Each structure stands twice: as structure tokens, then as C-alpha cells.
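What follows is one structure encoded as C-alpha cells, with my remarks underneath.
There are 4 protein chains.
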Amino acid sequence: MLRIGILTSGGDCQALNAAMRGVIKGLSVKRNDLEIYGFRDGYKGLIYDIADRMTPDDFSGILNRGGTILGTSRQPFKKMRIPDENGLDKVKAMKNNYRKYKLDCLVVLGGNGTHKTANMLREEGLNVVTLPKTIDNDLWGTEMTFGFQSAVDIATDTIDRIHTTASSHSRVFIIEVMGHKVGHVTLQSGIAGGADVILLPEIPYDIDKVAEVVENRFAAGKKFSIIAVAEGAISKEDAKLKKKQYKAKLAERRYPSVAYEIAAALEEKTKREIRVTVPGHTQRGGAPCAYDRVLATRVGAYAAELILNKEYGYMVGIVDGDTKKVPLSEVAGKLKYVDPKCQMIKDAKTIGISFGE
Amino acid sequence: MLRIGILTSGGDCQALNAAMRGVIKGLSVKRNDLEIYGFRDGYKGLIYDIADRMTPDDFSGILNRGGTILGTSRQPFKKMRIPDENGLDKVKAMKNNYRKYKLDCLVVLGGNGTHKTANMLREEGLNVVTLPKTIDNDLWGTEMTFGFQSAVDIATDTIDRIHTTASSHSRVFIIEVMGHKVGHVTLQSGIAGGADVILLPEIPYDIDKVAEVVENRFAAGKKFSIIAVAEGAISKEDAKLKKKQYKAKLAERRYPSVAYEIAAALEEKTKREIRVTVPGHTQRGGAPCAYDRVLATRVGAYAAELILNKEYGYMVGIVDGDTKKVPLSEVAGKLKYVDPKCQMIKDAKTIGISFGE
Amino acid sequence: MLRIGILTSGGDCQALNAAMRGVIKGLSVKRNDLEIYGFRDGYKGLIYDIADRMTPDDFSGILNRGGTILGTSRQPFKKMRIPDENGLDKVKAMKNNYRKYKLDCLVVLGGNGTHKTANMLREEGLNVVTLPKTIDNDLWGTEMTFGFQSAVDIATDTIDRIHTTASSHSRVFIIEVMGHKVGHVTLQSGIAGGADVILLPEIPYDIDKVAEVVENRFAAGKKFSIIAVAEGAISKEDAKLKKKQYKAKLAERRYPSVAYEIAAALEEKTKREIRVTVPGHTQRGGAPCAYDRVLATRVGAYAAELILNKEYGYMVGIVDGDTKKVPLSEVAGKLKYVDPKCQMIKDAKTIGISFGE
Amino acid sequence: MLRIGILTSGGDCQALNAAMRGVIKGLSVKRNDLEIYGFRDGYKGLIYDIADRMTPDDFSGILNRGGTILGTSRQPFKKMRIPDENGLDKVKAMKNNYRKYKLDCLVVLGGNGTHKTANMLREEGLNVVTLPKTIDNDLWGTEMTFGFQSAVDIATDTIDRIHTTASSHSRVFIIEVMGHKVGHVTLQSGIAGGADVILLPEIPYDIDKVAEVVENRFAAGKKFSIIAVAEGAISKEDAKLKKKQYKAKLAERRYPSVAYEIAAALEEKTKREIRVTVPGHTQRGGAPCAYDRVLATRVGAYAAELILNKEYGYMVGIVDGDTKKVPLSEVAGKLKYVDPKCQMIKDAKTIGISFGE
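See below:
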């Protein structure tokens, strides 16, 4: 008998179902004595023992379905060691439930926070294998995460649509792309969508430089400008603030989000009307693109191989372009930022894209 | 020699290029002595004589291109009779330029405001033929306008994407759909996207009823709710205000838009976290859908027929499902609202969609 | 207790699930004593008593899912009165199973053949309500069928993609669109995709005229031509044959389908290389477009109203742009062809589209 | 003065325009003394001096446009050294025209054949920089080519649509994906689309094994099967034939293409009806996906850097995940096949995908 627990945690993204299908297909091809427990809504299900006994058929036909059939929720790592409002020790509860179902392995799909908890469970003695899920592609230890390319596709589609309206109306448009700490989605959708300016959390901007680009374009006869802004884009002045100070400043911000703030600043500088579009949660919804389905299926399949070989304590990542196992201990707690000196940024600068520096 | 002026005015939408291609193709098939003047940025180009001499080839290959190759701008009807900041009489200027180019006919693509001005130009003695452009489908005299179905497609796609994230996270989501005065886009994308609640300008809502629907769904084990809200959705109390009072109230609103206001009210009522997504200008951008291309091509072709027959003073609309000419005098100044008693609303109510009444 | 049987029959298309969801939602809003039997694979399930007891929840979340959750199969009307290979009287069997489940009504989703059988069951005394499903939009008694607009979208997308390759390579391309007897999909996708020639079953073509259009385009400097051909396009000579003769001729045809035959004939006439693309079954697959979802939901809801009012023997169609009931006796056995003199054909001719006449 | 010639050669694909835009943007940002000559229809334009003087603006706004604004044609490498029907020495002609325009560099976008000719021109003393274009991703020296991911997206979309119709009708479907010599597109779209069997040129198949998979699925209660077949899929017997013999056999094949041949063989083995869908040229048409736009823009930008640095004789490829220069001499004449032992094949096998071995 092979007993598997599985859960999806953190913000949802595309191809979660595809990845789970990969794991379960990979296991059920080799083993017909499989017992699968799906924990509901992420670690919450493991903590509070909300689990469904599932069959391989439950994971069939979901390759291109968005969201996660298991549900998900955010369970911050830093609260994991703190008892809940009823005094329940969450870590103990998770270990108990793991044992209650006599699991051979717990499969966890998630992003950064999720991996910290997964690594902690590993340290606590559980057998854990993880899969790298996040639209942000900011997980350490893998070149790519599933969800990322789908998010880039959607953000690019948004920029494309704005392009036609911007050019028809001779307007400046700001599109706010997801990414509070890292700018991978903004960078790639910005390049793909033909943005003139791209503002990332990793490269603090100078509003005067941004205004200059816009004005130079109008001066050169270009009738519109497109600015792609990550949710976490930050000005040079703000980047100098201490984290606490900045948080306090953000809390007092008069605008719904950074794009509106930049729009207001730009309007003041340029005396032009600036429009804002925020695709928001659409970036994590809907069917995964083909790229993500291949990626998710492959890491899922590889995870099945690990489990069949009793190799635990790994995340399955993409290393040198291929599926590989990466020790969880090396992954947890690290973020993969956009390197301001990377070749992609250089290539973007070559064609005149401004990063507001 | 057949001399045609053409312009696109008001907010851009899909299939403007397709419609212009229809007109010019229809004319150039029959006449090779065609002289085409494209006025830039709507009536602005006609007022200030910003015109390009164009050829039929300029209108080739644009069937599926978003936006408008002529550019557009909003020129409010009520300011048309008022001289500009330099004292220029705009109506006189338009008539002069019409005559300067010895036009046989001016082709105007636009929505409500645009049609008022077009009708005024007709009254001033110009030969005018118009095409019904607007994502809102609120033009009187035609069953359908091009741009509408494309906007519905995009809004529906947004609701679809939100659906997967809403169901994965057990959340309530509000999607704000375009439509300040009329709710056609919201109604149809709401039905197509499987919204549980649809709030329209034409049917004032009661926030308690909306909260009730959400709570009933949770009570029935449904883990999420989707609310489609038109930009101009209005509460029952606000609907009782005089127009001026309401405008004043809106001006003081603390929220970026109506969806955020409803979200805040719902959060207070239900103590649940409510998320908002605003697809915004994406709803008018990008390639037109097949439906709009057929529609735009047909009304364009029909307009060409009118011009070849020297029949002026008409909008080409869809009446009884087919292209027809409709006197401009009957069209201008009237809005086509969602009738709260129409069969589509009834059908929606049959399947339990709430309009917050 | 309200007992409903439901089945989908004939070739699958988009929005079958949406329509069934509409019916069941409409019923379950008003009645909680609902008993639903889903017959598998069309009339086959009713004949051989292959039925699942289903709940309203089974019809939830399927609004945008392609195909049919009940399965479907083609059961030719003309064989219905003939016993099967085991001597089973199919009509009797259907009646028996209808009674076995004590059904109040049988809901049938299908196209032409399906409606003949549905009408026969009505004549046999069963309570039947039907919904108009077909990509062909050839059902008598309704202005529109669900599946049609989605098929047009897909065929148009195909033509769009071929357009870029045709123009890059200066080639003539033939795209074969679904439609053996009627040309609605070809006509509308042809217009939407910017086809230069459209060949329909309803308008026999002259290959010399088609060749002439292609040559005239090259002579005018146009570097490519796009020809949209319905599966059932027929030449003027073949149209003169008796039905039997034509069938015999088709049976001996050397080509996989009509597009290849026309390509060969055109190559001979023009000495140019002609390429063929056949999107085939993709035209009936995948998620329904927003238009079809609204349509399917509405006719489904209206059907629920009929059933709740005990009004049987109707198809729900679109008449004068709105949902209406249409007596089954008026619908069955009639096809809705493209009228060669209709306004849409006229509009298409206005812009120079050739029908090969 | 910097004088650049540019051409696109071979079968068209997505992102050709994006790549050219990248090159020209990259050059025009640094140099305003740019002179650009666009040669029409690939090497044909260079041989016969069909060139347009172009400006950077001509390459603006084409980032997401399918096809190539320069046109393309296939000019087989092995005929390059053979005079044309008028006795023209093609190589000499190309060199003459290169000199006529006093080019500093010729930028060539193409696939395998194109690169052989480009390398030959380099050997003949011309300054050449190339970009790797092909949907097949079979170019040596780069991990990825633009066009590939877009083709995978389209093929996957086809399989998705067929999936819903296959499951509704309990059918076996074969989808024929582009790729005569290499199977990258088929492999990835097969995995992304959830194919049960994938047949590639690199892994000869045994029709009995394929039939076995199909039968096993039916036996296990799976109601349909999806088989993704590359154009160049080959049976084990045929793989043993000498190249000449095989070509002769192909020439006599009764079927339009390999998918139909396999369908016939499978029908005979399984006595089941097998359907075929061939997306064909749609796989190289339409707007490029975001991934390809980023890739094409980057290699274009990098090419501009090379030209500005007077580094000639290189293809810009993706090596270790980033843009790099690769000597043309190392690229030309080699194909990058699917390695039957690669990790992606292993991962696919893990989840039970059969390669018909």
C-alpha cells in the first residue's frame, strides 16, 4: 500500500491541477495499491483534518482546468509555530494527521511561504516532496515555476488590448502587473507587449526619467506610451527608506495601488492625462497555457518517480532546462529576484526600453 | 469623381477599422474615381482641417485590427455650438472644410454623442451617413452596435478567470464591467460568465438583498460568489436622489469606482473579504470578434450602397436582424436602455440570478 | 415530485452543457422535489435504459465546458422505426423507459435529425421539450442555434491564421468550413475572415469564375487569395445531376474532401500552387463563446419555464430576437438554408466577395 | 552611415516581425545614420534585387503581427550553386547586390536551409548575422527558436478542442502535428494536450502497440483516446527501409498524409472508427505568443549589438537560457532532433504516455 497526502497552498495559479494530475498519474501507472488523501484549502486541511479520500480518476480530465480542485488558502509560515485561537499546536496537529493517515509521503504544491512550512515539516520528520507553483517565478532552486508563463500571457494580452486604445486616443497608459517583491512577470509581459517603460521592484525608478521618456516619445511623433509597472515598483526616494518607514508610508497612500500613484505623479510632471489598467487577479485565473501544462506535468511526473524511489525532502525544479530534484533545505526562505544586470534587462535596454533609472 | 470624408469619433471600440474597410471596399468595387479624406481624431480633424488623402489600399488588411487607423477623440456635442478658446466657430469650420474638399458625403462612425453632432451637421445641410459604434449597444434605432459583442467576450473572459480563483479560494469577487448609463454589456457577460448577482444602472439595487444572496449561497454550501457590476450601478437610495445631488455625492466618493464602494458595503454587511477586479479599458481594445466583424462589414457595405445611391441622412442599423437605413433624425439623442421587464432579464431570473432588487 | 429525463443527441457542439445547466437551474430554483435522469449517449440511452440518476449539482460549474457531460451519438431518424439487430422495437423501448422512470417530461437537445425523433415521441404521447443545438444554424423555427457562433469564431480564427501565412508566401489558400447541406458557418466566417471567395451548398459555383477572381487579384497586385468553402459546396455541373448520380460521383471522388477537389481544379486552371486547410472537428469543440452561453442559458431557462407550466411539445427557439416556444410539429423535418437573395449575401457582394457564380 | 540588408527566408512562422523589430530598434536607438534595405521574399529578393528602402518606422507596431512584412519563399540550398533558368549565377548575384547597396551587414532570419545559405554567403565574404526562426525548434546551436512555442500553443488548442468532442462521442482521434523530420512540436503539444499516444519521427512506432494502448484504455473504462502524430512519424518497418525506398513508398501512399494512414491501419486492427484532424498551416500563422515575442525581441536586440560591434558570422541563439552568439559555421547543416532518451520523454513515459514502441 502506498499512501499519499496532497495539498495546494498559497495564492492559486494556473496548472496546479495539471501538476497534481502528473503526480497521481505517475504513481497510478506503477502502483494500483494507491491510497490518496486530498487535504482541503492548503495546510488548513492538514491542520484541521479536512481531507477527502480520492481516487486517480478524480485527477483525470483536469489538465487544462484553472484553479485547484483541492482548494487553497494562505497560511503564513510565521504563524505556524503559534497556537491558533483555540490553543491548537498547528505543527503537532499536522504531524498527527500525517500519521493518522499513515502517509508515506506528503506532496505539497506552493510558492515561497509554502516551501518554508514544507521544509519545517521535513525537519519535523515527515516525508515531503514539493512542486514549485507561483505566477511570480521567484522560487529559489528552479529556473521556472508553473503559473508564470500563463500570467505573462494574460498580462501581455492586457497590454495588447490597451495598445490599440492608447494609439487610437493618443494616450499614456499604465498597466499594473502582479509582483510585489519580484518583477519577472512585469519584465517579460512588458517586453512581449511592447512597453516603452518597465518599472520593477528590483530597479527603483526616478519619476523624472519616466516623464522624460514619455515626453521624448511625443516629441518624436509617437502618439502614445505604454508603461508596465509591477505592484511592488518603488521610487528611488522610497527605496532609501527603512522597511518600516516605507510600510507606514504605503499604509497612508491615497491611491488604490502603485499604478495610480505613478499616474498622479506623471500627470503632475507632464500635464497629460494618464490612464491606468489593473488586470489583477485575472493573471492567476483560467486555463494554463501549453508551456505551463508541459512544465507542471513534467515536475509532477518527476515527483512521482521520487516517491516511487522513496526519495523525500526534495522540491522538483527545472535546472539546466530539465526536471531535477533540489533539496528542500536549499530552497526554503530564498527569493529569486530579477537581476538588474541580467542579459534580459540588457537586451531590453538595447531596444530602448527604459527602466526609469 | 466621388469625394468621401470619413472620421471615427468618441471612445474607441473593436471593429471600427472593419466598418471603414466595409465602406471603402463597397465604394471602390463600383467606383474607381474615388477621392477619400480621412479626418484625424474624430470631429477634431474636421474642425481643424487635419485630414489625410487616403487610398482604398489604406483600408485593406485592417479587418481584424483593433482601434482606429484614423484616431479618435471625444468632442462633446454640447460644446459644438460654443466657439473654441481661439474664438473659432466649430460648426462653421466643419462646414467650411466639408466644402473645401468638395465632399459628396461625410461618413461618421460613432456612438451617442457622435450621432447628435452628425445629425446637427445633417441639419446644417451636409450629406452624412453614419455607422453605429459603441461597446455599450445603447444606440437608439439599431438592435446591435459593433464593439458590443467583443466587449462582452472580454468581460466574460475576465469573469471566467476570476471564477477559477474565486472557487479555489472560497471568495466573493466583484467584477466591474463597462457601462455608465446602460447595462447591456454587464447583463450579457454576467449571464455568460455565470454571475450570481448582476447589478445594472437600470435596476437600482438594495445592498441587503445582495448580501442575502451571498450568505444564502454560503449556507447552501456554494463556496464562492461572483457579482457583475456595471460602472453605473446605483443603489435604491441613490436612485432617489436628484441628478445633481447624486453627482455631488459621486464626486465625494472615497472609492476609485462603484465596485469598490459595493465591496466595502458588502464587507460591512457580511464580514467577509470581498475582492474587486476592473478589466477597464481592455474591454474596448484588441481584435474584434467574428460577430463584430460580420456586423461592421455589413453596415459598412450597406453605407456604401446608400452613398452610391445618393441616399444621405441615415444611420445604417440592424433592424429585424438585418441591415437597414434609419433616419438620423430618429436616432440622435436617444438611449437604448436595458428594459427591466425584457425577456432576457426574465430568463436570467428564472435560473436564479439576482439583480439585487 | 417533478421527474425529468434529459439527453443530448447528434453531433456534439459547444454550449450543450450550458443549455442543460440552464434547464436544471431553472427547475431547481422553483422545485426541490426534482428527480433527474440523464440518459447516456443520446437516444441510445433512452432505448437501452442507460441512465444516471443525477442532481442539480451535477449540472453546476459546466457553463463553459465543451462537449456534453451526458455523451451523445447519432441515431438516424429513419432507423428509429426499424427494430435493432436483436429485434428490439426502439420506439416501444423509449416509451417504456420513459414510463419506467415516470417522467413528467423529456428534455432533448439536438439538431435536425434529433428533432424528427423528438416530434415522433411527442406524437407517441410523450411530454417533450427540445433545445436547438447545432453549429450549422440550419434548424427551422429558430433564428439562431447554440454552437453556431462558437463554430464561426473557430473557423474565423483559422482563416485569420492562414491569412498571415498566405500573405507572407503570396499563396492561394482554401479553407474548408463545416456544413454539408447549409452554408451559414462558411458565409459568416468567410466574411469575418476576409475571404475573397465564398462557396456554399446553396449557390453552385463555376470554377472558371473562381479562377477569374484569383487571377484578377494577382493582376491588381494583391499577393494572395483566400477561399472559404463549405463541405457541401457544389459546382454548377454537379448541381444539375440527380441526387443519386451525385452521390455516386462523390463516392468515386479521388480527393479526401471538396476543398482538395476545388484546389486541384484551380491548380489546373491557374497553374498556381493552391494550399488547403481543414479545421474539421475543432469547429465543434472547446469552450462555448459568450454569445452561445447567453443563448444556451436563455433557451434552457425558458424550457424550464415551459416544464414548470406543463407546456409540452415545444422547441425553445429565438424568434424576433427573443426566446419563444415553437410547436415541435412545425420544426421537425425542415432545414433553414442560406437564402441566396438574403441581405447578408447582398452586403457581401457589395464589398466584392465572389460566390463563384 | 550604417547600411543593413534584411530578409526572411523559408516557411513563415510567428514572431518574424517581432525579431526584425528587435534588430532595427536596437540599431536605431544608437544610430541615426541607418540605411535599411528590405529584400522581398527571402533570398529571391537578394538574388534578383527586389529590395525596398525602409525606415525604422516600417518596423514599428509589428511586434504582435503574424507572418513577415518582407514576404518569404523557399530557396533550396542545394539549388543555390546551380544557375537559374536564365543562366544567372545566384551566388554571384547575391554578392553583387550586397555590394551594390554597400551593405555593412546582411541580417537573415530563417531555419535550417536558410542557415546553410547564410553560412555559404559568410564563406563568400559577406558580413552576415542570423536569427533562428522555425516552428520546429530543430536548429542546431540554440536551445529554442521563435515560432516554436506559438506552434505548440496552436497544436495544443487543437487537441483541447478535439478532446471535448472525442469524450462526448467516445471516439479515437488522431491529430497530425507539423514536423517532418523532428518531433518537438508534437511531443510538447501532445503532453500539453493530454495525448495518450505520441508518435514522433525519432521513435519509430509499432501499430500493434498503438492498438494495444487504445484497447487497454477502452478496457479500463476510458471512453476515448487521443493520438498526436508528427507529420514525419514512421513505422518500425518503414524505418528499416533505405531512404530512397521509403520515399518511393511515400510517393505511392494512398492517403493524404501519415495520420490518415495510421487511422486506416488502426481501424483495421481495432475495428473502431478513427477520426483525423490536421491543423496544418494554422500552426505557423497568426500572432506570436508572449514567449515567442520575448525570445524574438531578445535575439533581435542581441543581433543589433553584434552589428554595432562589427561582430559578424554569428547566429544569435539561446544557450544556457540566455541570448548568445554562436558561430554560423557550427550551426549550418545540423538538425536538433528529439533525443529518445531525454528527460522529457522519460517524464512523459512516467505518466503512461505511449510512444508506440
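Residue numbers (the UniProt record's numbering), protein chains in the order written: chain A, 1 to 357; chain B, 1 to 357; chain C, 1 to 357; chain D, 1 to 357.
Even for Gly, the Cβ is constructed at its ideal location relative to N, Cα and C.
All values derive from a computational prediction rather than experimental measurement.
The straight-line gap separating the alpha-carbon atoms of alanine 248 (chain A) and alanine 219 (chain B) is approximately 39 Å.
A straight-line Cα-Cα distance of about 33 Å links aspartate 157 (chain D) and aspartate 347 (chain C). The C-alpha of glutamate 252 (chain B) is placed about 15 Å away from the C-alpha of alanine 259 (chain B). In its chain, beyond the 5 residues on either side, Thr142, Glu143 and Met144 have a beta carbon closer than 6 Å to the beta carbon of isoleucine 318 (chain D). In the DSSP annotation of this structure, the continuous segment of the alpha helix (DSSP H) that includes glycine 113 (chain B) starts and ends at 112–123. For glutamine 283 (chain D), none of the residues of chain A pass the 9 Å Cβ criterion, the least Cβ distance being about 12 Å. Below 8 Å, too few C-beta pairs join the region 208–228 of chain B and the region 304–317 of chain B to call them touching: fewer than three. With a cutoff of 8 Å on beta-carbon distance, alanine 304 (chain D) and glycine 26 (chain D) are scored as near each other.
Arginine 171 (chain A) and threonine 165 (chain A) have their alpha carbons spaced roughly 8 Å apart.
Approximately 13 Å separates the beta-carbon atoms of alanine 228 (chain A) and isoleucine 203 (chain A); this is outside 8 Å, ruling out the contact.
Here DSSP, grouped into helix, strand and coil, assigns glycine 147 (chain B) to strand. Identification of residues in the region 137–151 of chain D having a C-beta nearer than 7 Å to some C-beta of chain A yields Glu143 and Gln149, given in sequence order. Counting only runs that start and end inside the region 19–92 of chain C, the beta strand (DSSP E) elements of at least 3 residues fall at 34–39 and 51–54. The beta carbon of aspartate 347 (chain A) sits closer than 8 Å to some beta carbon of chain D. In the DSSP assignment, no residue is bridged to threonine 156 (chain A). In the three-state scheme derived from DSSP, where H, G and I count as helix and E and B as strand, valine 278 (chain C) is classed as strand. Restricted to the region 259–345 of chain B, the alpha helix (DSSP H) segments that are unbroken, complete and at least 4 residues in length are 290–308 and 328–331, listed in chain order. Chain-order list of chain C residues neighbouring glycine 71 (chain D): Ser167, Ser168, His169, Ser170 and Lys223, by C-beta distance under 9 Å. When A:Leu88, A:Ala19 and A:Ser225 are compared, the shortest CA-CA separation from glycine 61 (chain D) is found for A:Ser225.
Beta-carbon to beta-carbon, phenylalanine 173 (chain C) and threonine 282 (chain C) are separated by about 17 Å, too far to satisfy the 8 Å threshold. Pairing alanine 296 (chain A) with alanine 19 (chain A) gives a Cβ-Cβ distance under 8 Å. When the beta-carbon positions are compared, leucine 7 (chain C) and valine 108 (chain C) come within less than 8 Å of each other. The three-state reading of DSSP puts arginine 217 (chain C) in helix, counting H, G and I together. Spatial neighbours of lysine 325 (chain B) in its own chain (CB-CB distance under 7 Å, excluding positions within 5 residues in sequence) are listed in chain order as Leu306, Glu311, Tyr314 and Val316. Close partners of leucine 63 (chain C) in chain B (Cβ separation under 7 Å): Gly194. A direct Cα-to-Cα measurement between glycine 356 (chain A) and proline 201 (chain A) gives close to 12 Å. Within the region 288–303 of chain C, Cys289, Ala290, Tyr291, Arg293, Val294, Thr297, Arg298, Gly300, Ala301 and Tyr302 place their CB atoms closer than 8 Å to a CB of chain B, listed in sequence order.
Membership of valine 182 (chain A) in any beta strand (DSSP E) is not indicated, and neither H nor E is assigned to it by DSSP.
Residues of the region 329–353 of chain B whose Cβ lies closer than 7 Å to any Cβ of chain C, in chain order: Gln343, Met344, Asp347, Thr350, Ile351 and Gly352.
Apart from sequence neighbours up to five positions away, the residues of its chain that approach threonine 55 (chain B) with a beta-carbon distance below 8 Å are Ile36, ordered along the chain. Rounded to whole angstroms, the separation of the alpha carbons of isoleucine 135 (chain B) and valine 182 (chain B) is 11 Å.
B:Ile175 is the residue among B:Ile175, B:Phe146, B:Arg293 and B:Val128 whose C-alpha sits nearest the C-alpha of alanine 155 (chain B). Below the 8 Å Cβ cutoff, chain B contributes no neighbours of lysine 133 (chain C), its closest Cβ being approximately 17 Å away. One finds Ala290 in chain B with Cβ atoms closer than 7 Å to the Cβ of threonine 156 (chain C), taken in chain order.
The C-beta of aspartate 89 (chain C) comes no closer than 8 Å to any C-beta of chain B. Cβ contact annotation for tyrosine 302 (chain A) (same chain, cutoff 7 Å, sequence separation greater than five): Val316 and Thr323, in chain order.
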